[in-house]
Amino acid sequence: SQAHLTVDRAFTVADVPHRLFGSFVEHMGRCVYTGIFEPGHPQADQRGFRQDVMKLVKELGPTVVRYPGGNFVSGYLWEDGVGPVEDRPVRIDGAWHSIETNAFGLHEFVEWAREAEVEVMEAVNLGTRGVEEARALVEYANHPGGTYWSDLRRKNGAATGTIEEPFDIRLWCLGNELDGPWQIGHKTADEYGRLAQETAKAMRLVDPDLELVAVGSSNRQMPTFGSWEHTVLSHTYAEVDYISMHAYYQEHDGDAASFLAEAVDMDAFIDGVVSTIDAVKAAGKHTKQVDISFDEWNVWYQRGLETEDQPHQVAKGWQKHPRLIEDSYNVTDAVVVGTLMHSLLRHGDRVRIANQAQLVNVIAPILSEEGGPAWRQSIFWPFARIAAMARGQILRLAVDADQVSTQKFGDVDVVDAAATWDEATGRLSLFVANRGMEESNDLTLDLHGLEATGISSAEVLAIPEERDRRAANVLDDQDAVGLRPLREVGLEDGALRVTLPPMSWAVVQLE
Ligand code: AHR
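Using full-length UniProt numbering, read the sequence shown as starting at 2 and increasing by one per residue.
So, in structure tokens, the structure goes:
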């Protein structure tokens, strides 16, 4: 197949949002316990932070990490996770039917985030709690000292050998998925909208310099999608900076063609939320702009286990850190993850924050075994490369491509792409997927006056030799799927020419 793309330095979408390459650590399954934190592991430091996992996190390159949930946060008492570890209560986590020891809490996470060089995005519980606990948490986290909660932070920091100074957390989620019947403390849009509005106000009275995210729909299929955003924003528009989006994609019944085109769904989902935000803005005669925090997205094989009350797999019996939703990702999944990131980039003017869910073990780019190794899943690669190479301005791409037919979306472009250009370094990065499952794609990128003198790197993730599209990185074969040099690439007469293998994701950087 063929594709012709055109960029022009005059046509840009936005600056690349630094927070677009976020991740998510929930107290769920083995994301915290035996994921980022495992005291006694041979690679753990004196604080219990697994350094093998830390190394992979740094290589992955997330910029911001949402914490501590997720469904978990809607039943969580943040005070349980601070103070001397031996005094912390062991609790039931109703969201994931697990035992929470609270051995890891806010101080540990802030310390971990500093070492990982990521910004903390903290969620407050608006399921079982409300205004009082949220404003107490802001005081605990950000107030310098001399008040009840801030002095408690200093005392707890000293007692546990962790951070005593203000955590300086700027970005806060006002709850999680409260539109979902499965959520502890599920609410109507009016109930949630008012609660979020008052919570936002009270949090800002403690620290005026916060960025706040209101809860949007849990997914595009929710019966309340659209009206939920409209009602919630009608209450909160003046108080919040972002509304959240969540989306998980999976291959259904072997229909890889539709699965490979799910970025079409993500594009439309984002456009729909932007329209709703702007309708509320216009009707309310607001001048400020609310943007989107796409704070959960990924491939997740939910395998039809969901019911309306409980769409998520929960543990059998009461266990500490059970194995939950530890999806193994293959080549197809990695290509799809690449395209989902392209969609986020294409909407970088309005999607200013995005978090892949989650970071380790739980639907994650990194897997780790208790007492054992940690390694990269296939989906690690598009994330790592886009996080490292998308810089400067997002370019608007004109795409003229052959079509592939899909059951779910009809005919779609055979390639899916995004591009960025950094004036400071003169580097142009092209991220592109070939959705064609059988044919390679001959792609041309017309640079329209963007001067490039050479190709600084070109890599591709494709089906490994003698394997099929289901190849994945597993415990005893940790590097089956990865990037290899892309050789079929050339730059001539102001155009880049690339041949993409079937079902592949590639990154080319020009200088
Ligand atoms: O990421 C897993 C779960 O998916 C989160 O806890 C929840 O917010 C979402 O439904």
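All C-beta atoms, glycine included, are put in the ideal place defined by N, C-alpha and C.
For G339, the number of other beta carbons within 10 angstroms of its own is at least 16, and it is reported as buried. Spatial neighbours of W319 in its own chain (CB-CB distance under 6 angstroms, excluding positions within 5 residues in sequence) are listed in chain order as I100.
By alpha-carbon distance to T277, the top candidate from A114, T232, L261 is T232. Here M122 carries a strand assignment [DSSP, helix/strand/coil].
Its Cα nearest to that of V91, the residue H322 stands out among L213, D16, H322, L345. Per DSSP, the unbroken alpha helix (DSSP H) holding W113 starts and ends at 107-117. Per DSSP, reduced to three states, the secondary structure at A420 is strand.
Annotated three-state conformation of N356 is strand, per DSSP. Residue pairing by DSSP puts F38 in a beta bridge opposite Y34, F50. Excluding the 5 residues flanking it on each side, T13 has same chain C-beta neighbours closer than 7 angstroms at Q394, I395, L396, R397, in chain order. With fewer than 16 other Cβ atoms from the protein chains shown falling within 10 Å of its own Cβ, A399 counts as exposed. For the 8 angstroms CB-CB criterion, L345 and L21 form a contact. If you check the CB distance, V361 and A472 do not come in under 8 angstroms. One Cα belongs to H5, the other to S406, and the distance between them is close to 18 angstroms. Distance from Q408 to D256 at the Cβ level is roughly 6 angstroms; contact confirmed, criterion being Cβ atoms closer than 8 angstroms. Relative to I185, the option among I93, V26, I456, E424 whose CA is nearest is I93. Here L57 is buried. Its C-beta has 16 or more other C-beta atoms within 10 Å. Looking at D447, E452, A420, Q378, the one whose alpha-carbon comes closest to that of A481 is Q378. Here DSSP, grouped into helix, strand and coil, assigns L21 to helix.
Going by DSSP, Y250 is part of the beta strand (DSSP E) stretching over 243-250. Under the three-state reduction of DSSP, T237 is assigned to helix.
Shortest gap from the CB of H19 to any heavy atom of ligand 1: 7 angstroms or more. Per DSSP, W382 lies in no beta strand (DSSP E) segment; the continuous alpha helix (DSSP H) that holds it begins and ends at 381-390. Collapsing the DSSP output to three states places H343 in a helix. By alpha-carbon distance to T200, the top candidate from V125, D272, A264, D268 is V125.
Scanning the segment 245-303 from its first residue to its last, the whole alpha helix (DSSP H) runs of 4-plus residues come out as 257-261, 263-284. In this structure, the beta-carbon distance from N442 to L492 does not fall below 8 angstroms.
Contact between V26 and Y68 is confirmed by a C-beta separation of about 5 angstroms, below the 8 angstroms threshold. By the neighbour-count definition (other C-beta atoms within 10 Å, threshold 16), T189 is an exposed residue. A11 sits exposed, since fewer than 16 C-beta atoms from the chains shown fall within 10 Å of its C-beta.
As computed with DSSP, K321 is found in a beta bridge with I100.
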